[in-house]
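Report on the following structure.
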Amino acid sequence: MRLTKSTWKRFIQEGTLDPSRIEKVIHESWSRCKELKVDPFRDSTDIVLTPKELEKRRNQLDVLITEAKSLMAELKAFLIDHEMIILLIDPDGFILTQEGHRRTMDKAKRMRFIPGAKWTEKTIGTNAIGTCLKTKKPIYVEGYQHFTVSSHDWCCAAAPVKTETGELVGVLDVSGPVGKSHPYLLGIVSTMAASLEEKIKQRFHVIPDLRKSLEDPFFEGVIGTSQAFQETLKLSRKAASVSYPVSLQGESGTGKELVAKYIHRVSSRANGPFVALNCGAIPSHLVESELFGYEEGAFTGARRGGYTGKLRSAHKGTIFLDEVAELSLDTQVALLRYLQEQTVRPVGGNKEYQVDTRVITATHKDLKELVRKGEFREDLFFRLFVLPIQLPPLRERTEDIPYLAEYFFNLFGIQKKLTRESLDILYQYDWPGNIRELKNVLIAASVFVDEEIISPLILTKIIKERSIEPDTPTLPLESRNKALRNALEETHGNISKAAKILGVSRTTLYRWLKEQK
1 MRLTKSTWKR FIQEGTLDPS RIEKVIHESW SRCKELKVDP FRDSTDIVLT PKELEKRRNQ
61 LDVLITEAKS LMAELKAFLI DHEMIILLID PDGFILTQEG HRRTMDKAKR MRFIPGAKWT
121 EKTIGTNAIG TCLKTKKPIY VEGYQHFTVS SHDWCCAAAP VKTETGELVG VLDVSGPVGK
181 SHPYLLGIVS TMAASLEEKI KQRFHVIPDL RKSLEDPFFE GVIGTSQAFQ ETLKLSRKAA
241 SVSYPVSLQG ESGTGKELVA KYIHRVSSRA NGPFVALNCG AIPSHLVESE LFGYEEGAFT
301 GARRGGYTGK LRSAHKGTIF LDEVAELSLD TQVALLRYLQ EQTVRPVGGN KEYQVDTRVI
361 TATHKDLKEL VRKGEFREDL FFRLFVLPIQ LPPLRERTED IPYLAEYFFN LFGIQKKLTR
421 ESLDILYQYD WPGNIRELKN VLIAASVFVD EEIISPLILT KIIKERSIEP DTPTLPLESR
481 NKALRNALEE THGNISKAAK ILGVSRTTLY RWLKEQK
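Using the UniProt record's numbering, the first residue of the sequence shown is number 1, and each one after it goes up by one.
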């Protein structure tokens, strides 16, 4: 609920407020600030740590900072057009790290909104960080909802980061200029904080001294809020807590390798290597040597000195075998032997090596059906199918499409926007290629559309041209007419410009106008 300056001013001067005009959590925070005698005209905090004190706090929360690094970098890239800064705060309200848009960081510096500063309700009044620390709940604070004048031209979203026992270990915050906020800012920050929470839970009791920098971005769609996607994350985190084989199943393009990376990164094996092998991309007679390695001279063309193989290369880590259904029966036997004995014998060799590698497999085929046909060994199936996780297709998590679209726009530097009607087209389509197909459609739209807005008509055309399915989406008459009205309003009735925006000829546009009458 956006507040006006007069509402804030009346509360500051008279202490009166109409509860219907302000959110309860903001009202309660303002009341606390009054009791704490916070100066509403304060322009900055008066508590800032010395460099030495800040370094000491950072060292105490090294795990939190290390695990947050990649998430903060991803948030920075995702929100680059919104001029936001991302901050990590300790349980006492001290800002640990900060990064983001340079101009906004310069503005923050002028009000001492910097690493080392204490940003609580007591020091700076109602704000997303301080109020989140107080309530331990996610919150969005904008403009005159802030208690002190210093933050009236800011918008902020903050979410708590807790341990498995519910203890608060920090706060993740995104702040920026009023008017630049992302429509899903609170949801994005809350989801990222939840991801950080899960990583921290693993680290605090498994590897408390972790100092490994995580640079790879999280898998596409991590900001999704759909129930189907959240269930996938939940199962993945549970699978990460043990070392049994995981079997990922789902249609092509649902992100199986990225989920495998996620499981690896939140597991106790995260310090070890993650090695991927697409079993369907290598000739069947070479898969076994690629997987188990070979000795020098094992076959014609073998490299001098031999080859270690993927399984041994992933020792103490994770190997991801994509398209595992493509393995030949001979290679299946060798893989079964490894799973039973945890040893590897290179092709052409006599020596066996003890190997500790966690196995994650994936396929878009029905392994049970292949077992019935005799094309996949039943004993290997039961060895691999210990922790099955089914990845939802995009059509079952369409509410995540706006998040995914924004993610890809920022990832590829696409300066485009989708209208509500364009999103309706994306919602209606069945997406047989799933997230991969959505990414490609958006890239195509960014290349072929000159205007800033991607119209629903252009989007429909791109999807139809790419699709191999007979039933691709068509633009509903109501949506078409609305897009037509919007284009004419935007161009002040200029037929040529409106036709260009809609991606149709003038003749087609005249026909639509005639059909409306």
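Built from N, CA and C at the ideal position, the CB exists for glycine as well.
Using 8 Å as the threshold, is the C-beta distance between Lys316 and Gly272 below it? By 1-based counting over the sequence shown, the position of residue 316 is 316. By 1-based counting over the sequence shown, the position of residue 272 is 272. In contact: Lys316 and Gly272 (Cβ atoms closer than 8 Å).
Ranges of the beta strand (DSSP E) found wholly within the region 265-338, counting only runs of at least 3: 274-278 and 318-322
I'd like the list of long-range same chain contacts for Arg312, defined as Cβ closer than 7 Å, with 5 residues on each side in sequence excluded. The residue you call residue 312 lines up with position 312 of the sequence shown. Once the five neighbours on either side are set aside, the close Cβ partners of Arg312 are Gly293, Val344, Tyr353 and Val355.
If contacts are defined as beta-carbon pairs under 8 Å, then Ile26 and Thr120 qualify, I think. What distance do you get, rounded to the angstrom? Translated into positions along the sequence shown, residue 26 becomes position 26. Translated into positions along the sequence shown, residue 120 becomes position 120. With 8 Å as the limit, Ile26 and Thr120 do not qualify as a contact, their Cβ atoms being about 16 Å apart.
Cα separation between Gln230 and Lys368? If you number the sequence shown from 1, residue 230 lands on position 230. If you number the sequence shown from 1, residue 368 lands on position 368. Roughly 26 Å separates the two Cα atoms.
To which residues does DSSP link Thr363 through a beta bridge? Counting from 1 along the sequence shown, the entry for residue 363 is found at position 363. In DSSP, Thr363 forms a bridge with Gln249.
Here's a check: name, in chain order, each residue in its chain whose Cβ is nearer than 6 Å to the Cβ of Glu375, leaving out the five neighbours to either side. Translated into the one-based positions of the sequence shown, residue 375 becomes position 375. Here the set comprises nothing.
Taking the alpha-carbon of Leu96 as reference, which of Gly176, Arg2 and Phe113 has the nearest alpha-carbon? Indexing the sequence shown from 1 puts residue 96 at position 96. Nearest of Gly176, Arg2 and Phe113 to Leu96, Cα basis: Phe113.
Ranges of the beta strand (DSSP E) found wholly within the region 372-417, counting only runs of at least 3: 387-390
Which residues in the same chain as His182 place their Cβ atom closer than 7 Å to its Cβ, once the five residues preceding and following it in sequence are excluded? Taking the first residue of the sequence shown as 1, we reach residue 182 at position 182. Answer for His182: Leu79, His82 and Ile188, listed in chain order.
For the alpha helix (DSSP H) that Ala240 lies in, which residues bound it at each end? What you label residue 240 is simply residue 240 of the sequence shown in a count that begins at 1. Unbroken alpha helix (DSSP H) run through Ala240: Gln227 to Ala240.
At a cut of 8 Å, does the region 372-387 reach the region 335-351 through at least three beta carbon pairs? yes
DSSP beta-bridge partners of Trp154: For this step, residue 154 is matched to residue 154 along the sequence shown. Paired residues: Pro177.
Measure the CB-CB distance between Thr225 and Thr254 and report whether it falls below 8 Å. Taking the first residue of the sequence shown as 1, we reach residue 225 at position 225. Taking the first residue of the sequence shown as 1, we reach residue 254 at position 254. Result no, Cβ atoms of Thr225 and Thr254 do not sit closer than 8 Å.
With distances taken Cα to Cα, identify the nearest neighbour of Ala159 among Ile129, Ala117 and Asp424. Along the sequence shown, read from residue 1 onward, the residue named residue 159 stands at position 159. Out of Ile129, Ala117 and Asp424, Ile129 has the C-alpha closest to the C-alpha of Ala159.
Give every residue of the same chain whose Cβ lies closer than 6 Å to the Cβ of Leu484, excluding the five residues on either side of it in the sequence, and list them in chain order. Numbered from its first residue, the sequence shown carries residue 484 at position 484. For Leu484, where only same-chain residues beyond five positions count, the Cβ hits under 6 Å are Trp512.
Assess contact between the region 102-116 and the region 40-60, defined as three or more Cβ pairs (one per stretch) separated by less than 8 Å. Is contact present? yes
Nearest CA to the CA of Leu54: which residue from Pro19, Glu74 and Gly116? In the sequence shown, the residue the question calls residue 54 occupies position 54. Residue Gly116 is the option with its Cα nearest to Leu54.
Tell me which same chain residues have a C-beta within less than 8 Å of the C-beta of Ile443, skipping the five on either side of it? Here residue 443 is taken as the residue at index 443 of the sequence shown, counted from 1. Phe408, Phe412 and Ile414.
Given a cut-off of 8 Å on the beta-carbon distance, is the pair Val275 and Lys234 in contact? As a first step, residue 275 is located in the sequence shown; it is residue number 275 there, counting from the start. As a first step, residue 234 is located in the sequence shown; it is residue number 234 there, counting from the start. Going by C-beta atoms, Val275 is not nearer than 8 Å to Lys234.
Buried or exposed for Arg166, please, with buried defined as at least 16 other CB atoms from any protein chain shown within 10 angstroms of its CB. Your numbering for residue 166 matches position 166 in the sequence shown. The displayed chain sequence assigns Gly, not Arg, to residue 166. Label assigned to Gly166: exposed.
Local conformation of Arg2 per DSSP, three classes: The residue given as residue 2 occupies position 2 in the sequence shown. Arg2: coil per DSSP, three-state reduction.
Sheet register partners of Val344 (DSSP bridge): As a working mapping, residue 344 is identified with position 344 in the sequence shown. The partner list for Val344 (beta bridge, DSSP) reads Tyr353.
Secondary structure of Val447, DSSP reduced to three states: Residue 447 sits at position 447 when you count from the first residue of the sequence shown. Three-state result, Val447: helix.
Which of helix, strand or coil DSSP assigns to Arg358: Looking up residue 358 in the sequence shown gives position 358. Looking at Arg358 - three-state DSSP - the assignment turns out to be strand.
To test your reading of the DSSP string, which unbroken beta strand (DSSP E) runs of 3 or more residues are found completely within the region 34-91? 85-89
Are the Cβ atoms of Arg10 and Gly143 separated by less than 8 Å? Residue 10 sits at position 10 when you count from the first residue of the sequence shown. Residue 143 sits at position 143 when you count from the first residue of the sequence shown. No, they are not a contact pair.
Assumed close pair Cys279, Asp322 - CB separation to whole angstroms, cut-off 8 Å: Start at 1 with the first residue of the sequence shown, and residue 279 comes out as number 279. Start at 1 with the first residue of the sequence shown, and residue 322 comes out as number 322. Indeed, because the Cβ distance is near 7 Å, the residues count as touching under 8 Å.
Which residue wins for smallest C-alpha separation from Ala240, given the options Gly306, Lys261 and Gly15? For the purposes of this step, residue 240 is taken as residue 240 along the sequence shown, with counting starting at 1. Residue Lys261 is the option with its Cα nearest to Ala240.
N- and C-terminal bounds of the alpha helix (DSSP H) containing Gln428: Along the sequence shown, read from residue 1 onward, the residue named residue 428 stands at position 428. First-last of the alpha helix (DSSP H) with Gln428: Arg420 to Gln428.
Closer than 8 Å by C-beta to Ala445: which residues in its own chain qualify, once you throw out the five before and the five after it? Chain order, please. For the purposes of this step, residue 445 is taken as residue 445 along the sequence shown, with counting starting at 1. Correct list, in chain order: Lys416, Ile454, Ile458, Leu459 and Ile462.
Can you give me the start and stop residues for the alpha helix (DSSP H) that Leu502 sits inside? Counted from its first residue, the sequence shown places residue 502 at position 502. Unbroken alpha helix (DSSP H) run through Leu502: Ile495 to Leu502.
Is Ala68 closer than 8 Å to Leu172 when the C-beta atoms are compared? Counting from one through the sequence shown, the residue named residue 172 turns up at place 172. Counting from one through the sequence shown, the residue named residue 68 turns up at place 68. In contact: Leu172 and Ala68 (Cβ atoms closer than 8 Å).
Element boundaries [alpha helix (DSSP H), containing Thr104]: Mapped onto the sequence shown, residue 104 falls at position 104. Taken as a continuous stretch (DSSP letters only), the alpha helix (DSSP H) holding Thr104 covers Arg102 to Arg110.
Under the three-state reduction of DSSP, which class applies to His492: helix, strand or coil? Indexing the sequence shown from 1 puts residue 492 at position 492. The answer is coil: DSSP assigns His492 none of H, G, I, E or B.
In whole angstroms, what separates the C-alpha of Ala157 from that of Glu515? Counting from one through the sequence shown, the residue named residue 157 turns up at place 157. Counting from one through the sequence shown, the residue named residue 515 turns up at place 515. About 47 Å.
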